[in-house]
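Below is one structure, written out as structure tokens, with a few remarks after it.
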Amino acid sequence: MADLKSLKATKFIPMLADRQKRFDSSAAMLPPGSDQARVLARALHPKRQYLKVANVIDRGQDCKSFELVADETRGTKSLAYFGAGKYLTVFETIDGMSITRAYSISSSPKDSLEGKYVLTIKLVEGGLMSRYILDNWTVGTPVEVSAPSGNFEYQPLRDAKKVICLAGGSGITPFISMANAIADGDEDFEMTLLYGSRNYDNILFKDELDELVKKCDKIKVVHVLSDKIEGKKPKGTEQGFITAKLIKKYAPKDEEYSVFLCGPQQMYAFVDKELETLGLKKKFIRHEMFGEFHNPASQPDYPSDVPETVSITVTIQDETKTVTGSTGDSVMQILEKNGISVPARCRSGECGFCHSHLLAGKVYVPKNLEYRRMADYVFDCIHPCCSFPLTDLKINVPVAK
Amino acid sequence: MAKNYDVIVIGAGNGGLAAAANCAKAGLSTLLLEKHNIPGGSASSFVRGRFEFEPSLHELAGIGEEGDPGMIEEVFDRIDAHVDWVKDNSTFRLIVPAKEGDKDTFVNENGVEVSVDVRMPVGFHEFSKKLDEIVPGSYDSSMAAFDLSTRMFKAFSYMDEELDPIKMMGVLKEMPDIMRMASHTLQEGLDALGMPKKAQGIFSTYWCYMGVPASRFDFLYYMCMLHSYVRAGAGMPLRRSHEMSLAIDKVIRENGGDIWYNSEVTKVIMKDGKPAGVQINGEKEVYGKRFICNVAPNFAWNDLFNVEDIPAKQLKMANARNIACALTTVYLGMNVTKEELGIKDYSVFIAPDINSDEQFKAAQDYFHNYCIINCLNEVIPDCTPEGTCQLFLTGMTFGDVMKNIEPKDYKKFKIRVANDMIETCEKALNISIKPYIEEIEIALPPTFSRYLNTPQGTPYGYMLDMWDSMIPRTIQFGKDQPFDNFIFCGATQERGDGYGCAYHSGEKAAALTIKAFKGGK
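Those protein sequence lines, which keep their order, are chains A and B.
Residues in the first sequence are numbered from 1 upward in steps of one, following this note's numbering.
Residues in the second sequence are numbered from 1001 upward in steps of one, following this note's numbering.
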């Protein structure tokens, strides 16, 4: 039988002394506190970015672009680089309420290296944050945002080389960033943008898009105008909606293509049905999140006999409070309306940043916003941004930071 | 006035979770602080589209059979935490594609010319027999190695309960083979047992789970790990490792412990030369009597302490020790089944060379044709929706290999690395992966640095080199802790990385903490 007899057991004793000797002969100074992995992690994912408004471009129709630059006086020296398509979560305090909204960055990744992000914000009907920003942000306004976040990006190992981008209204913003990234050589794909607007005079970023098409032959733009066009149809436009027929008309004939969508909920409801008829593989259809969900009672699977108001007892670290709110609001909205900050990023269920423990009570989560992990169901964890209370609740929420 | 906790645990990685659960269960008022919004560190999961990915876990060696629980199950049983385990009765398949000049190559079942392609079974005898089939004359040496590992587990259970180095040495002297194993490398051990070199390569395949190649890894610890896998196979949690972390989270809460997420310790508050409290997110202060720290010491010293408060020995230790390997991982949600892809194994190790030292050397570059490919559907068939499967690719790196990468180059670099890893798998298995990728996520050392907060993004702690291997770390454990009320846990401690090792470190830190309270200290 094979054995270890040829190895010296006594070798073990000096090993311990050797370890001690190595420690003794090392320097009693701090070891390196950083390395390139940490430098990159921090540069790409800062906890917060403190910015200020450097310029405001009024685009008409209750829409403005805000150029944001680093605010060194508050500790942000440079902007986090990002992949075109990502969003920033904006943190604001409105009438004592801490609220957040996610907005796609409309400027290019290259612009961020030169010290600038652009957020383009259009008034949302009844929208608290958009109203506030449009009314209050002027040159010099301090702005606090998250690191660039989200997964709505071109990924060459997954997506087709040719991408049909479908945009509705202010859903154009990530595509402006992507188109610029293509023109700058930072992304490499062919973009055909079908952009839905009401009428020709109503097109956001019209001049920028014309410019991009001129500059880069990988970018094509078709304006899809829903209002009836009076007189001659302008060049590069289509009348109607983004239908399967229209997508087919502009899609490559004999090769695979991806479809990227960004726009309001109504657009997704319509276009998703159209896309079904095209028989595309799931991997070739990618949606940007459409933002906060409202009116859960409109969902077919929403239960009956839900009270109008509920109370929520929330514990954050060592503080517990009880608040009341409407069952039409998400848990996150109820807490915010009561002046309680909640960790929030995407506000669409997807990112999981608001992951919390439901200790008692029941919530409703719209099916298409279910991005929870499997174990979350077993251990009663929820994403407050897309959970609507059905009963009084007791929850434990991480601190917003 | 804020509560004064019996114990504050810094970091809810596997070590911190196990520590907090055991302290809470023992009736100590316990606060667990975690900078992220969910527990687990490596033991987590993430969702992309219709896939939920396992971020780090390859296989748990400590999942046994009905009536014969493995070590990991016992960690959960001891605190009454419930996880649904799924058993895997395979170990690994190793493929070494043929290189120019290789002799004895053959074309494998996938139609690829290889110098090695072997599936190793569970069971000491079966494993050794298979090894002997591939490399005749290796059966005896392989069985002898497993015989040694069976005997050494006895020594382990003793060492866990003993902190006195002198007593420990006394017992070890009664076990010369254990001392031989602990003081010689895996390679020296296998040489002494007369194992042929090629068989040694196959035998050493799991080196990468601890990140130390055969010429630097102690024979004892390697055998401890291999033994655990070969004895009864491995297992996985049914709902990714997020399930394991939430199960422990629940135990902590149910036993009166507090867990605060998004609560990063930004400073340890000192009083009379000892930790007395922590500052959270740069603002709130909380006080405690004893502390268990799941942050890597190198960063804890830099980020949480004033240099004058750090014992000189701790600084010397941190400078003397080597940072272990880091990983590159690719997560793929596939729009075809594993059968359609042509994948038949849970774990396939693809290596450019059969020698682990050559594999380790290759890891110092990013593009090295070393890759492990896992298909979770082999163990949990319905872990993805019908008609799909998920793949998990792991490569290794070593050193500060990110040093020339700037933020603006990072995305493209990630894609290049992932592409290289995918192509390594495609070539070695003669399959097509790229056209079927529905979801992809890529993690490089900066990703690990962000989520684990470790030097160079290593999940492995300090390199388990011979001089800093498990037994010396265990014997000197008591002396290596910085303050009498502050104990480290996690991958940087005795047993290095791995879920079982990290849980063990947390249990041990908790046991010492509980003992200190009982002893009235």
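Where a beta carbon is used, it is the ideal one built from N, C-alpha and C, also for glycine.
For clarity, every value in this text was computed on a predicted model and none was experimentally measured.
Tell me the rounded alpha-carbon separation between residue 381(A) and residue 1116(B). 46 Å
Cβ atoms of residue 1371(B) and residue 1343(B): under 8 Å apart, would you say? No, these two residues do not count as a Cβ contact at 8 Å.
Residue 241(A) versus residue 227(A): straight-line alpha-carbon distance, rounded: Roughly 9 Å between the two C-alpha positions.
Could you give the distance in angstroms between the alpha-carbon of residue 103(A) and the alpha-carbon of residue 1225(B)? Roughly 49 Å separates the two Cα atoms.
Relative to the C-alpha of residue 181(A), which candidate in 44(A), 306(A), 112(A) has its C-alpha closest? 112(A)
Under the three-state reduction of DSSP, which class applies to residue 189(A): helix, strand or coil? Residue 189(A) carries a coil assignment under DSSP once its states are collapsed to helix, strand and coil.
Indicate whether the contact test is met: 3 or more Cβ pairs, each with one atom in the segment 1172-1181 of chain B and one in the segment 1200-1210 of chain B, closer than 8 Å. Short answer: they don't touch.
Pairwise C-alpha distance: residue 1321(B) and residue 341(A): 43 Å
Residues of the segment 1256-1282 of chain B with a CB closer than 7 Å to any CB of chain A: list them in chain order, please. 1260, 1261, 1262, 1263, 1281
May I have the straight-line CA-CA distance separating residue 202(A) from residue 169(A), to the nearest angstrom? 9 Å
Please report the residue range of the beta strand (DSSP E) in which residue 1346(B) lies. Under the DSSP assignment, residue 1346(B) falls outside any beta strand (DSSP E); it carries neither an H nor an E label.
For my contact list, residue 1437(B) and residue 1341(B) are in at a C-beta cut-off of 8 Å; report their separation, rounded to the angstrom. Incorrect: roughly 11 Å between the Cβ atoms, too far for contact.
Could you tell me which chain A residues have their CB closer than 7 Å to the CB of residue 1445(B), listed as they occur along the chain? 37
Classification of residue 303(A) by the beta-carbon crowding that lies within 10 angstroms, buried from 16 upward: Classification for residue 303(A): exposed.
Go ahead and pull the three-state DSSP assignment for residue 1242(B). Residue 1242(B): helix per DSSP, three-state reduction.
Own chain, CB closer than 7 Å to residue 1268(B), minus 5 neighbours either side, in chain order: Counting only Cβ-Cβ distances below 7 Å, and skipping sequence neighbours, we find 1275, 1278, 1304, 1305.
Backbone secondary structure at residue 286(A) - three-state DSSP: strand
Please classify residue 389(A): does DSSP put it in a helix, a strand, or coil? strand
Rounding to the nearest angstrom, what Cα-Cα distance links residue 1405(B) and residue 1327(B) in this structure? 16 Å
Would you call the segment 72-87 of chain A and the segment 199-214 of chain A in contact, with 3 or more CB pairs under 8 Å? no
8 Å CB neighbourhood of residue 348(A) in its chain, flanking five on each side removed: These residues qualify, in order along the chain: 102, 289, 290, 291, 292, 293, 369, 385, 386.
Same chain, Cβ closer than 6 Å to residue 1046(B), neighbours up to 5 away in sequence not counted: If we look at residue 1046(B) and ignore the five residues flanking it on each side, its Cβ neighbours are 1053.
Interface residues of chain B facing residue 294(A) [CB-CB closer than 7 Å]: Those do not exist, as residue 294(A) stays about 23 Å from chain B at its closest Cβ, beyond 7 Å.
Per-residue contacts from residue 289(A) into chain B (C-beta, under 7 Å): Think of a sphere of 7 Å around the beta carbon of residue 289(A): no beta carbon from chain B falls inside it, the nearest being about 12 Å out.
Expressed to the nearest angstrom, what Euclidean distance is found between the alpha-carbon atoms of residue 1380(B) and residue 1294(B)? Taking the straight line joining both Cα atoms gives about 31 Å.
Residues in the segment 269-288 of chain A with C-beta within 8 Å of chain B's C-beta atoms, listed in sequence order? 281, 282, 283
Spatial neighbours of residue 156(A) in its chain, beta-carbon cut-off 8 Å, leaving aside the 5 residues before and after: Only 188, 189 meet the Cβ criterion.
Under the three-state reduction of DSSP, which class applies to residue 1097(B): helix, strand or coil? Residue 1097(B) sits in a strand when the DSSP states are folded into three classes.
Around the C-beta of residue 943(B), are 16 or more other C-beta atoms found within 10 angstroms, so that it is buried, or is it exposed? The structure shown does not extend to residue 943(B), since chain B is modelled only from 1001 through 1521, so no value can be given for it.
Exposure of residue 266(A), with buried meaning 16 or more beta-carbon neighbours within 10 Å: exposed
If you compare alpha carbons, which of 252(A), 139(A), 344(A) is closest to residue 409(A)? Lying before the first or after the last residue shown, residue 409(A) is absent from chain A, which here runs from 1 to 401.
For residue 150(A), collect the residues of the same chain with a Cβ closer than 6 Å to its Cβ; drop the 5 residues on either side in sequence, then sort them by chain order. 86, 87
Taking the alpha-carbon of residue 1491(B) as reference, which of 1011(B), 1270(B), 1065(B), 1186(B) has the nearest alpha-carbon? 1011(B)
Taking any Cβ of chain B, which residues in the segment 359-372 of chain A have a Cβ under 7 Å from it, in chain order? 371
Could you tell me whether the segment 124-136 of chain A touches the segment 88-100 of chain A, using the rule of 3 or more Cβ pairs below 8 Å? Contact between the segment 124-136 of chain A and the segment 88-100 of chain A is present, because at least three Cβ pairs lie under 8 Å.
So, with DSSP's three-state summary, where would you put residue 357(A)? strand
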